[in-house]
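Enquirer:
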Amino acid sequence: MKFKILSVALLSSVLSLGTASATEFMSIGTGGPTGVYFQVGNAVCQMVHREAAEGRSSGRQHGYRCSAPSTAGSIYNIKNIESGELQFGVAQSDWQYHATNGTSKFEGAKVDDLRSVFSVHPEPFQILVGKNTGIESWADLEGKTVNIGNPGSGQRGTFEVLMDANGVGTEYFGAAAELTSSEQSSALCNGDIDAYGYTVGVPNAGVSQAADGCGATIINLNNDAVTGLVNDNPFYAFATIPTGTYSTITSNVTTFGVKASFVTSANVNADMVYEVVRAVFSNFDAFKSLHPAFANLSPLQMMSEGNSAPLHEGAIRYYKERGWM
Ligand code: GLU
Numbered sequence: 008m009k010f011k012i013l014s015v016a017l018l019s020s021v022l023s024l025g026t027a028s029a030t031e032f033m034s035i036g037t038g039g040p041t042g043v044y045f046q047v048g049n050a051v052c053q054m055v056h057r058e059a060a061e062g063r064s065s066g067r068q069h070g071y072r073c074s075a076p077s078t079a080g081s082i083y084n085i086k087n088i089e090s091g092e093l094q095f096g097v098a099q100s101d102w103q104y105h106a107t108n109g110t111s112k113f114e115g116a117k118v119d120d121l122r123s124v125f126s127v128h129p130e131p132f133q134i135l136v137g138k139n140t141g142i143e144s145w146a147d148l149e150g151k152t153v154n155i156g157n158p159g160s161g162q163r164g165t166f167e168v169l170m171d172a173n174g175v176g177t178e179y180f181g182a183a184a185e186l187t188s189s190e191q192s193s194a195l196c197n198g199d200i201d202a203y204g205y206t207v208g209v210p211n212a213g214v215s216q217a218a219d220g221c222g223a224t225i226i227n228l229n230n231d232a233v234t235g236l237v238n239d240n241p242f243y244a245f246a247t248i249p250t251g252t253y254s255t256i257t258s259n260v261t262t263f264g265v266k267a268s269f270v271t272s273a274n275v276n277a278d279m280v281y282e283v284v285r286a287v288f289s290n291f292d293a294f295k296s297l298h299p300a301f302a303n304l305s306p307l308q309m310m311s312e313g314n315s316a317p318l319h320e321g322a323i324r325y326y327k328e329r330g331w332m
């Protein structure tokens, strides 16, 4: 009897060991459910699972399982990668830069272990304004009710940088709201807010809800403050939202923007990072077809632009194997 119990215990510990080494989980931090980060994270997981479950390319069957939950956004993702809660995340290139260099919001809180994997789509910073608000420029926002974004989001951080560059704080507005990206379009359409700021890929469901849904437009952001930001910072560039992107965009909109980037930690093992990168780039056409904001992605740009943290060794292994490095 004693022997039987022992052998059952032994068998189950062998079994659980076997399972543990066969399946490893990863979580990818994204953004609000109507944004593009959520699509990036879930597109990556879809590619990882193709290889994992089916072993499409021979010998590629692996045990990695992936989930990409909605989160507060860039800054939240970087902080949770640092603490080990998330293995990967999507983050704006400006916040990747500041985390790596210990500047801006990351002053005194440099994230030494942050590693870049690849960059993704461009993200113009957009100020959406309600149909009948009469707002046409930054100056018209004075005294208005403006959503500056939820804490932890990239747009909240970048909105604060923009206020600072314009020499104002939240008191410049009549009221400043802290709604999430999935709340702001209905708030704009209901008239609860006059405007919101959002750093996000083009096009996307959230902005379309306000632009196509209730006539909101996007204002030009090209005053001296913005020119200064672009001239003084390597991670900002002027960006255009082309005519026709949404029904209310009847001429090109000029603003400034960043890139979305896919990041991880030096503490995440190289085999896992390698398999993620391999899954994306060996199924690249399928990956690109998952969202219109991915239409112009090219592997060489993704590997070399918008990545200010050092590249993770698992990513380097794949890029070298392809002869891209
Ligand atoms: N850029 C936003 C952020 O970092 C998220 C945009 C999106 O969800 O696509 O918070």
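Following this note's numbering, the numbering of the sequence shown begins with 8 at its first residue and continues without gaps.
Backbone N, C-alpha and C define an ideal beta-carbon position, used for all residues, glycine too.
For A223, which of helix, strand or coil comes out of DSSP?
Expert: For the purposes of this step, residue 223 is taken as the residue at position 216 of the sequence shown. Coil at A223, not helix or strand.
Enquirer: Could you check if F45 belongs to the surroundings of ligand 1, using beta carbon to heavy atom distance under 7 Å?
Expert: Position 38 of the sequence shown, counted from the start, is the residue given in the question as residue 45. It does: the Cβ of F45 is within 7 Å (strictly closer) of some heavy atom of ligand 1.
Enquirer: Is the distance from the Cβ of V55 to the Cβ of A286 below 8 Å?
Expert: The residue labelled residue 55 in the question sits at position 48 within the sequence shown. The residue labelled residue 286 in the question sits at position 279 within the sequence shown. In this structure, A286 lies closer than 8 Å to V55 by Cβ.
Enquirer: What does the alpha-carbon distance come out to for the pair T252 and Q133?
Expert: For this step, residue 252 is matched to residue 245 along the sequence shown. For this step, residue 133 is matched to residue 126 along the sequence shown. Distance between the alpha carbons of T252 and Q133 is about 13 Å.
Enquirer: Would you decide whether D101 is buried or exposed? Buried here means 16 or more other CB atoms lie within 10 Å of its CB.
Expert: In the sequence shown, counting from the first residue as 1, residue 101 sits at position 94. The residue is buried, with at least 16 neighbouring Cβ atoms inside 10 Å.
Enquirer: On the premise that M279 lies in contact with M33, defined as a C-beta separation below 8 Å, what is that separation, rounded to the nearest angstrom?
Expert: Within the sequence shown, the letter at position 26 stands for residue 33. Within the sequence shown, the letter at position 272 stands for residue 279. Right, the Cβ-Cβ distance comes to about 6 Å (below 8 Å), so this counts as a contact.
Enquirer: Looking at the structure shown, is E89 part of a helix, part of a strand, or coil, going by DSSP?
Expert: On the sequence shown, position 82 is the one that residue 89 refers to. In this structure, E89 counts as helix in the three-state DSSP scheme.
Enquirer: So, with DSSP's three-state summary, where would you put T165?
Expert: Here residue 165 refers to the residue found at position 158 of the sequence shown. Residue state, collapsed to three classes: helix.
Enquirer: Which residues in the same chain as K138 place their Cβ atom closer than 7 Å to its Cβ, once the five residues preceding and following it in sequence are excluded?
Expert: Start at 1 with the first residue of the sequence shown, and residue 138 comes out as number 131. The residues are C221, G222, A223.
Enquirer: Output the boundary residues of the alpha helix (DSSP H) element that contains I323.
Expert: Here residue 323 refers to the residue found at position 316 when the sequence shown is read from its first residue. Taken as a continuous stretch (DSSP letters only), the alpha helix (DSSP H) holding I323 covers 320-328.
Enquirer: For ligand 1, is there a heavy atom less than 7 Å away from the beta-carbon of H189?
Expert: Start at 1 with the first residue of the sequence shown, and residue 189 comes out as number 182. Rather than His, the amino acid found at residue 189 in this sequence is Ser. S189: no, Cβ never under 7 Å from ligand 1.
Enquirer: If S81 sits next to G161, beta carbons under 8 Å apart, how far is it from one beta carbon to the other, in whole angstroms?
Expert: Taking the sequence shown and counting its residues from 1, the one referred to as residue 81 is at position 74. Taking the sequence shown and counting its residues from 1, the one referred to as residue 161 is at position 154. The Cβ separation is near 3 Å, so the contact holds.
Enquirer: Quick one: measure Cβ to Cβ for G156 and F166, integer angstroms, because I've assumed they're closer than 8 Å.
Expert: Residue numbering aside, residue 156 sits at position 149 when the sequence shown is read from its first letter. Residue numbering aside, residue 166 sits at position 159 when the sequence shown is read from its first letter. Between F166 and G156 the Cβ distance is about 6 Å, and since that is below 8 Å, they are a contact.
Enquirer: Apart from the five residues on each side of it in sequence, which residues of its chain come closer than 6 Å, Cβ to Cβ, to E89?
Expert: Counting from 1 along the sequence shown, the entry for residue 89 is found at position 82. Closer than 6 Å at the Cβ level, and outside the excluded window around E89, lie V118.
Enquirer: Within a Cβ cutoff of 7 Å, which residues of the same chain sit near G42, ignoring the five residues on either side of it in sequence?
Expert: Indexing the sequence shown from 1 puts residue 42 at position 35. For G42, where only same-chain residues beyond five positions count, the Cβ hits under 7 Å are S188, V207, N211, G213.
Enquirer: Select from S315, T271, P306 the residue whose C-alpha is nearest the C-alpha of G96.
Expert: The sequence position of residue 96 within the sequence shown is 89, counting from 1. Selected option, being the one with the closest Cα: T271.
Enquirer: Return the bridge partner residues of T336 from the DSSP annotation.
Expert: The requested residue 336 does not occur in the structure, where the chain is confined to residues 8 to 332.
Enquirer: DSSP puts L135 in a beta bridge; with which residues?
Expert: For this step, residue 135 is matched to residue 128 along the sequence shown. According to DSSP, L135 bridges with Y203, I225.
Enquirer: Tell me the DSSP secondary structure of A316 in three-state form.
Expert: Mapped onto the sequence shown, residue 316 falls at position 309. Residue state, collapsed to three classes: coil.
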